[in-house]
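**Q** Numbering (our numbering), first residue to last: 13 to 236. Where a beta carbon is used, it is the ideal one built from N, C-alpha and C, also for glycine. Please find one structure pasted underneath; my questions will follow.
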Amino acid sequence: MPKKVICITGGANGLGRELAAFFSRQAQVIIFDINETVLAAVAKKFTCDYQLCDVSDSDSVSDSIKKVFKKYGRIDCFINSAGLYIDGEIESNDPKLIKKVYEVNSLGPIFTAQTLVPFLKKQKFGTIININSTAGLHPKAFNSVYHSSKWALKGFFESVQPELASFGIKIVNICPGVMKTKFTDGTNCDLSKAMEPHQVVKAIDFILSLDSDTIISELTIKHL
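Here is the structure:
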């Protein structure tokens with residue numbers, strides 16, 4: 013049986029890197045990111061493939077996904093892990109950063125789905141996993157932009173799932189709490205009760221082990 017083909021956006025850093033490290037031992041992993049130097053180094057370290065890709069650019073996303081299908085002929089799982097964080101009072105947020113947060117956190121996975129879904133429909137299987145956040149479940153002061161970008165992500169994929177179920181396509185919304193990564197560096201985020209990213213990796217591994225007709229559509233995981 014051929015190895016599963018797993019794509020991971022934001023695969024050069026943080027949770028995406030942890031996912032690449034784990035799944036490259038058992039699957040053909042392709043990591044997507046915007047920094048080619050770091051991307052190539054991580055790919056070499058974990059013996060996986062890579063695509064230079066800006067998830068906020070629909071053409072870049074489309075081109076990268078098509079290259080994967082051309083090379084490997086399938087995608088079993090696509091993990092949207094790329095993300096940007098922003099906090100602070102709304103009037104203090106930089107408008108350019110606000111726009112970029114929505115482009116990466118919300119539009120990026122939507123662009124991914126637009127290109128990916130026709131291929132998954134044709135192969136009649138596939139799992140899209142979105143690394144959302146507990147921010148996508150609850151409002152929080154001084155986090156309005158980041159939280160709302162994650163609400164948009166949740167709303168889009170919950171709406172599109174009924175279109176895709178009959179094709180054997182699963183959509184999974186993973187909502188981790190704060191993790192010990194560099195994701196929130198330079199912000200006011202408190203990491204004193206943050207969890208290790210490998211706990212999220214273990215949860216995703218379990219989800220991918222389920223039978224083809226079984227789905228965990230949403231999972232919240234956080235520090236006790």
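#1: Secondary structure at Glu208, three-state DSSP: helix, strand or coil?
#2: Within this structure, are the beta carbons of Cys65 and Val73 separated by less than 8 angstroms?
#3: Below 6 angstroms CB to CB, which residues in the same chain sit around Ile183 once its five sequence neighbours on both sides are set aside?
#4: Indicate the three-state DSSP secondary structure (helix, strand or coil) for Leu109 in the structure shown.
#5: Please report the straight-line C-alpha distance between Asn105 and Phe58, rounded to a whole angstrom.
#6: My understanding is that Ser161 touches Asn117, with C-beta atoms under 8 angstroms, so please give their C-beta distance in whole angstroms.
#7: Rounded to a whole number of angstroms, what is the C-alpha to C-alpha distance between Gly23 and Glu103?
#8: What are the start and end residues of each continuous beta strand (DSSP E) run of 3 or more residues lying completely inside the stretch 149-223, in chain order?
#9: How far does the beta strand (DSSP E) with Glu115 in it extend, from its first residue to its last?
#10: In the DSSP assignment, the alpha helix (DSSP H) including Gly26 goes from what residue to what residue?
#11: Using only CA atoms, which one of Val17, Ile233, Asn47 lies nearest to Arg37?
#12: Residue range of the beta strand (DSSP E) that Glu230 falls in?
#13: Can you give me the start and stop residues for the beta strand (DSSP E) that Phe44 sits inside?
#14: Would you say Asp99 and Cys187 are within 8 angstroms of each other, going by their C-beta atoms?
#15: Under 8 angstroms, do Ile43 and Gly28 count as touching if we go by C-beta distance?
#16: Going residue by residue through the stretch 35-99, where are the continuous beta strand (DSSP E) segments of at least 3 residues, counting only ones entirely within it?
#17: Any heavy atom of the ligand MN closer than 7 angstroms to the Cβ of Asn25?
#18: Taking C-alpha atoms, which residue in Val113, Thr127, Pro107, Leu51 lies nearest to Phe81?
#19: Rounded to the nearest angstrom, how far is the Cβ of His210 from that of Glu48, given a contact under 8 angstroms?
#20: DSSP three-state call for Thr226: helix, strand or coil?
#21: With Ile143 as the anchor, note down where its beta strand (DSSP E) starts and where it stops.
**A** Taking the definition as stated:
#1: coil
#2: yes
#3: Ile140, Phe169, Gln173
#4: helix
#5: 37 angstroms
#6: 4 angstroms
#7: 32 angstroms
#8: 181-188
#9: Unbroken run through Glu115: none, as it is neither H nor E.
#10: 26-35
#11: Val17
#12: 230-233
#13: 40-45
#14: no
#15: yes
#16: 40-45, 61-64, 89-92
#17: Ligands are entirely absent from the displayed structure, and the ligand MN is therefore not among its contents.
#18: Thr127
#19: Not a contact, Cβ separation roughly 26 angstroms.
#20: coil
#21: 138-143
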